[in-house]
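Here the working numbering is used: the first residue of the sequence shown is 2, the next is one more, and so on.
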Amino acid sequence: MAQIGTDIKVAASILQAGELVAIPTDTVYGLAGNAFDPEAIKTIYRVKGRPMDKALIAQTDSIEKIKTFVKDFPASAEKLAAKFWPGALTLVLEANDRIPAEMLAGGHTVGVRICNHPVTLQLLAQLDFPVALPSANLHSQPSPVTAAEVDEQLGDQIEYILDGEKCDIGFESTIVGFTGEKPLILRQGAIAAEDIFAALEA
């Protein structure tokens with residue numbers, strides 16, 4: 002089984018070596034790998050048994066970092082980021098060529114998020130790349146909210162689980178797309194649609 006621990010430096014060094022680490026977020030535990038590394042991304046798909054036509058979300062710790070790998074960060078996206086980040090909101094934006102094709106599942110957009118979890122924010126601040134971060138479960142199985150639940154599903158395939166205690170929210174983020182004429186809610190999650198629309202109209 003995987004080692005479960007609280008050492009952020011250990012998690013960072015594993016990620017910097019191109020390997021995977023399970024890490025906590027405010028919603029569920031995620032399976033993290035270097036989002037700029039095609040081989041790490043392929044490993045995420047293999048470990049999860051995830052279909053390659055399902056794109057991955059990139060997470061980091063600042064809007065400034067996100068702006069280095071998307072083509073545009075529109076004003077309406079800035080509004081939502083100011084209101085809900087760090088938090089359970091994913092924004093879908095046009096990726097630039099820093100994001101490998103393996104992240105995008107044949108498309109040209111990437112989901113981006115800054116989660117509200119102090120352990121993971123500390124980890125991401127130490128990295129000079131975003132992490133691809135789908136939920137740390139086998140495809141179609143329940144999303145884990147504790148390190149022990151991650152270990153049950155993926156413990157024989159990853160080296161380290163960064164323990165941030167139980168995730169607060171327990172289900173996935175709301176996803177809003179910004180590639181059409183106006184923002185579009187692509188998945189209803191932890192943030193209600195009416196709260197999204199209210200923030201956009203404020």
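Ideal Cβ positions, reconstructed from N, Cα and C, are used throughout, including at glycine. The structure displayed is predicted, hence computed values, not measured ones.
Nearest neighbour of A78 by Cα position, chosen from G88, P87, L94 and F70, turns out to be L94. In the DSSP assignment, Q60 is bridged to R114 and V132. A straight-line Cα-Cα distance of about 13 Å links I67 and C116.
Partner residues in a beta bridge of L125, as assigned by DSSP, do not exist. Relative to Q158, the option among K72, A36, A149 and L21 whose CA is nearest is L21. The beta carbon of G50 is closer than 7 Å to those of L139 and H140 in its chain, skipping five residues each way along the sequence.
Between the alpha carbons of A106 and L57 lies a distance of about 8 Å. Restricting attention to A89, P131 and G31, the CA atom closest to the CA of I197 is found in A89. In the three-state reduction of the DSSP assignment, L21 falls in the coil class.
For T91, the pairing in a beta bridge is given by DSSP as I176. Taking one beta carbon from each stretch, the stretch 119–126 and the stretch 147–167 have 3 or more pairs nearer than 8 Å; the two touch. Distances from the alpha-carbon of T147 to those of A23, S14, A18 and L16 put A23 closest. Beta-bridge pairing by DSSP links A33 to V22.
Ranked by Cα distance from G31, the first of K167, D129, V11 and A76 is K167.
In the three-state reduction of the DSSP assignment, Q154 falls in the helix class. In this structure, DSSP gives I5 an extended state, which the three-state scheme calls strand.
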